[in-house]
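The listed protein sequences correspond, in order, to chains A and B. Heads up, the first sequence is in UniProt numbering, so the first residue is 1 and it goes up one at a time. Heads up, the second sequence is in UniProt numbering, so the first residue is 1 and it goes up one at a time. Before any comments, here is the structure.
2 protein chains.
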Amino acid sequence: MAETTTRTPREPADPARTPDAPAAADVRPDVLGWTCPAPLRDQPRVVMGHGGGGAMSAELVEHVFAPAFGGPALDRIGDSAAVELGGARLAFSTDSFVVRPLFFPGGSIGDLAVNGTVNDLAMRGARAAYLSCGFILEEGVEMEVLGRVAGAMGAAARAAGVEVATGDTKVVEAGHGDGVYINTSAVGLIPAGVDLRPQRVRPGDAVLVSGAVGAHGIAILSVREGMEFGVGVESDCAPLGGLVDAMLAVTPDLHVLRDPTRGGLAASLNEIAAASGTGVVIEERAVPVPEPVAAACAFLGLDPLLVANEGKLVAFVPREHADAVLDAMRAHPLGREAAVIGEAVEDHPGMVVARTGLGGTRVVDMPLGEQLPRIC
Amino acid sequence: MAETTTRTPREPADPARTPDAPAAADVRPDVLGWTCPAPLRDQPRVVMGHGGGGAMSAELVEHVFAPAFGGPALDRIGDSAAVELGGARLAFSTDSFVVRPLFFPGGSIGDLAVNGTVNDLAMRGARAAYLSCGFILEEGVEMEVLGRVAGAMGAAARAAGVEVATGDTKVVEAGHGDGVYINTSAVGLIPAGVDLRPQRVRPGDAVLVSGAVGAHGIAILSVREGMEFGVGVESDCAPLGGLVDAMLAVTPDLHVLRDPTRGGLAASLNEIAAASGTGVVIEERAVPVPEPVAAACAFLGLDPLLVANEGKLVAFVPREHADAVLDAMRAHPLGREAAVIGEAVEDHPGMVVARTGLGGTRVVDMPLGEQLPRIC
Numbered sequence: 001m002a003e004t005t006t007r008t009p010r011e012p013a014d015p016a017r018t019p020d021a022p023a024a025a026d027v028r029p030d031v032l033g034w035t036c037p038a039p040l041r042d043q044p045r046v047v048m049g050h051g052g053g054g055a056m057s058a059e060l061v062e063h064v065f066a067p068a069f070g071g072p073a074l075d076r077i078g079d080s081a082a083v084e085l086g087g088a089r090l091a092f093s094t095d096s097f098v099v100r101p102l103f104f105p106g107g108s109i110g111d112l113a114v115n116g117t118v119n120d121l122a123m124r125g126a127r128a129a130y131l132s133c134g135f136i137l138e139e140g141v142e143m144e145v146l147g148r149v150a151g152a153m154g155a156a157a158r159a160a161g162v163e164v165a166t167g168d169t170k171v172v173e174a175g176h177g178d179g180v181y182i183n184t185s186a187v188g189l190i191p192a193g194v195d196l197r198p199q200r201v202r203p204g205d206a207v208l209v210s211g212a213v214g215a216h217g218i219a220i221l222s223v224r225e226g227m228e229f230g231v232g233v234e235s236d237c238a239p240l241g242g243l244v245d246a247m248l249a250v251t252p253d254l255h256v257l258r259d260p261t262r263g264g265l266a267a268s269l270n271e272i273a274a275a276s277g278t279g280v281v282i283e284e285r286a287v288p289v290p291e292p293v294a295a296a297c298a299f300l301g302l303d304p305l306l307v308a309n310e311g312k313l314v315a316f317v318p319r320e321h322a323d324a325v326l327d328a329m330r331a332h333p334l335g336r337e338a339a340v341i342g343e344a345v346e347d348h349p350g351m352v353v354a355r356t357g358l359g360g361t362r363v364v365d366m367p368l369g370e371q372l373p374r375i376c
Numbered sequence: 001m002a003e004t005t006t007r008t009p010r011e012p013a014d015p016a017r018t019p020d021a022p023a024a025a026d027v028r029p030d031v032l033g034w035t036c037p038a039p040l041r042d043q044p045r046v047v048m049g050h051g052g053g054g055a056m057s058a059e060l061v062e063h064v065f066a067p068a069f070g071g072p073a074l075d076r077i078g079d080s081a082a083v084e085l086g087g088a089r090l091a092f093s094t095d096s097f098v099v100r101p102l103f104f105p106g107g108s109i110g111d112l113a114v115n116g117t118v119n120d121l122a123m124r125g126a127r128a129a130y131l132s133c134g135f136i137l138e139e140g141v142e143m144e145v146l147g148r149v150a151g152a153m154g155a156a157a158r159a160a161g162v163e164v165a166t167g168d169t170k171v172v173e174a175g176h177g178d179g180v181y182i183n184t185s186a187v188g189l190i191p192a193g194v195d196l197r198p199q200r201v202r203p204g205d206a207v208l209v210s211g212a213v214g215a216h217g218i219a220i221l222s223v224r225e226g227m228e229f230g231v232g233v234e235s236d237c238a239p240l241g242g243l244v245d246a247m248l249a250v251t252p253d254l255h256v257l258r259d260p261t262r263g264g265l266a267a268s269l270n271e272i273a274a275a276s277g278t279g280v281v282i283e284e285r286a287v288p289v290p291e292p293v294a295a296a297c298a299f300l301g302l303d304p305l306l307v308a309n310e311g312k313l314v315a316f317v318p319r320e321h322a323d324a325v326l327d328a329m330r331a332h333p334l335g336r337e338a339a340v341i342g343e344a345v346e347d348h349p350g351m352v353v354a355r356t357g358l359g360g361t362r363v364v365d366m367p368l369g370e371q372l373p374r375i376c
């Protein structure tokens, strides 16, 4: 692991501030003057961190969208929803893609737009059957670029076995977009007996990851900032439906699956811990990290647990099924490097803790935003 | 009607150019130098007209998206798809909304984002059950503005009886967006016995509109350009599910429904004529146009048939049911001004013709783009 320092739970910005000393707030640092990507809470305006998939995104949902939308589906607002329609249980999900640049090592916005949404459904145990695509194009984008993006989408859809069923295109003036933005939504059937959600996690569950983490974020960073980290790093962008099917063939009784995209493994584990009310302990050294990703993270001061992935999943599995599920994952091309990285525990409910390589422990916080904006 | 002049079918740009005289192309006007919103074909780059919902949008689907996506759903790529899942027939649709300004007389981008997609499903005869919303926010947009947009979405969703089930938020840097862009997708059940598609249109079908056309486009234009046209014009933005239910209660055997949004009534009628292979004749004077809309169109040289609507529908109905369907529409609050405006005919298959107020006829062309960009 690139990072083995020990961190403590986040401290208040000013420990001197107590209910008896509110005036101390006057001497706190002017955090509003800090620039993104350091995300800021309690902003009167949207900042980059609100799109990072971390605590600020969650606050936006909690304080802006949830009160406005209301309704019984509220607690399901997340990566995907499980809904009932015509007697069938469907998974339904949406994602917008604003990744920059449009093409990067290992993929493109077109691959991401298909796999990202297909994977959101896979995390419900569903194979995406039908996909919608909505384009917001910036005036002036080359037809040839749009054609390559569409070609990548078509190839990714065929690889994932999903049919592009409906679409929409809008064009905005130059200076009001960034070439190509894509939204995709998908619907698919949730198999009988499958019920994947964090509330089903129990202490003792094994925590598995399907492979090495951090490649997508570092691949984007390398091409965007013109950095190279020895060996090239390619995005891990891939459709996870087949891997999930292989896992569910072992037992439909998996508890929860997440694909650790924005905010990385840290965000996924924290979301599960918070929603399940259990604690999570991981062994840092058990988390597979590709050598060039670890090197890049060490060089840049990034935490691999926070770096985005686009073709990995984390699973909470009843202890008695963990070995068989791990074997099934390793037998699948997208799970060859699968590993058990930790477990759910009764201690510190809602909190994620990592045992570090130096023998200490650290709290793995929910990231506020994303270390690298516009990663997907 | 504001426009009663007679037009002929579009002429080639240079009638002198024949296969024997290709060099004549050299002296054609430099159309590439023309500016939007005059839309241009055969562009190497995307122009505003490609998002207008007219012939240029159709070309983008035909030449870029269809070859890339392939598959059996291809001929269904349009406002919504009818798909089969778990034994149920579902309508599935997506739309992105980039309207400028975000708030306009009679509504907001939030109202549009719900009603636009709900109405796409209604045109399949389906009530939208679940809605997704994907936000692309521009860094710096005020939380208060976002809150008002979300509030409008929530209210519109409750009015339409659709549940916001899943969502996503991305943020892009200032200068790469325009405050708030929204994508919504929805799924809903298509009732048994209902099969709404242009291929079912037959000569003799009556053509009905549910009310006066042109209000949405003129409302946007008035506030965007600071124009006022005597009496204020408000957008007609509304959810059409209830009106469609009332029509289907008369007979499930309606042939096709369309909501004439971008490209107006002209685009909807041309799409139906082209896909059905029948001709369409309308009586211009039978098309209800609000007085201030007619005045604004006359002043600006716009054709009300081309102006966008967000709460109207056009229906092709078997002649024997036309009177009863018209009565049912007029009994509904959103159909009080419903009217029979024409019929499907065997003559001029694929072409829409209007009988003008002066007793002549004119071809109602498919618009190339949209007269007013970013109307929805």
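Using N, Cα and C, we set each Cβ at its ideal position, and we do this for glycine too. These numbers were taken from a predicted model, which means no experiment stands behind them.
Taking a C-beta distance under 8 Å as the contact criterion, S96 (chain B) and S185 (chain A) do not qualify as a contact pair.
The C-beta of E320 (chain B) has fewer than 16 other C-beta atoms within 10 Å across all chains shown, which makes the residue exposed.
Interface criterion met: the Cβ of A150 (chain A) is under 8 Å from a Cβ in chain B.
Excluding five sequence positions before and after A55 (chain A), the CB atoms of its chain that fall closer than 6 Å to its own CB belong to M366, L368, given in chain order. Residue pairing by DSSP puts R127 (chain B) in a beta bridge opposite B:L189. The beta-carbon distance between A126 (chain A) and I190 (chain A), rounded to whole angstroms, is 5 Å. This is short enough to meet the 8 Å contact definition. DSSP, reduced to helix, strand and coil, places C297 (chain A) within a helical segment of the structure shown.
Three or more Cβ pairs closer than 8 Å define a contact, and the segment 258-274 of chain A falls short of that threshold against the segment 321-333 of chain A. With its beta carbon less than 8 Å from one in chain B, M143 (chain A) belongs to the interface.
If you draw a straight line from the Cα of G87 (chain A) to the Cα of A122 (chain A), it is about 20 Å long. Only residues of its own chain outside the window of five on either side were considered, and among them S185 have a CB closer than 6 Å to the CB of T94 (chain B), listed in chain order. Looking from the CA of L372 (chain A), the closest CA among A:V98, A:H63, A:A81 belongs to A:V98. Our two residues, V289 (chain B) and E234 (chain B), have alpha carbons roughly 13 Å apart in a direct line. Chain-order list of chain B residues neighbouring Q43 (chain A): M143, by C-beta distance under 9 Å. DSSP places I341 (chain B) in no alpha helix (DSSP H) but in the uninterrupted beta strand (DSSP E) bounded by 339-345. At a cut-off of 8 Å between beta-carbon atoms, D195 (chain B) makes no contact with chain A.
Within the segment 128-141 of chain A, A129, Y130, S132, C133, G134, F135, I136, L137, E138, E139, G140, V141 place their CB atoms closer than 8 Å to a CB of chain B, listed in sequence order. Neighbourhood of H321 (chain B) in chain A, by CB distance below 7 Å: empty, with the nearest CB roughly 27 Å away.
Within the same chain, Cβ atoms closer than 7 Å to the Cβ of E337 (chain A) are found at G211, A212, P288, the five residues on either side in sequence being excluded. Contact of A157 (chain B) with chain A by beta-carbon distance below 7 Å involves F69. From the listed residues B:I182, B:V141, B:L240, the smallest Cα separation to A113 (chain B) is found for B:I182. For A174 (chain B), there is no enclosing beta strand (DSSP E), as DSSP marks it with neither H nor E. Between A238 (chain B) and T117 (chain B), the alpha-carbon positions lie close to 11 Å from each other. Excluding its 5 nearest sequence neighbours in each direction, A128 (chain B) has C-beta neighbours in its own chain below 6 Å: V118, L121, V162, A186, G188, listed in chain order. The straight-line gap separating the alpha-carbon atoms of Y130 (chain A) and V209 (chain B) is approximately 32 Å. Under DSSP, I282 (chain B) forms a beta bridge with B:G342, B:A354. At a C-beta separation below 8 Å, G51 (chain B) has these neighbours in chain A: L137, T169, K170, V171, V172.
Rounded to whole angstroms, the separation of the alpha carbons of E310 (chain A) and V141 (chain A) is 26 Å. Residue state for T117 (chain A) is assigned as helix, using DSSP reduced to three classes. Of all alpha-carbon atoms in B:V314, B:D327, B:I375, the one lying nearest the alpha-carbon of L196 (chain B) is that of B:V314. Residue range 215-224 is occupied by the alpha helix (DSSP H) that includes R224 (chain B), with no beta strand (DSSP E) assigned at that position.
Residue pairing by DSSP places N183 (chain A) opposite A:S96, A:G134 in a beta bridge.
For E84 (chain B), the enclosing beta strand (DSSP E) has its first and last residue at 81-85. Against chain B, a Cβ distance below 9 Å from G154 (chain A) picks out F65, P67, A68, F69, G70, G71. Per DSSP, the continuous beta strand (DSSP E) segment holding F316 (chain A) begins and ends at 314-317. Residue pairing by DSSP places G107 (chain B) opposite B:F104 in a beta bridge.
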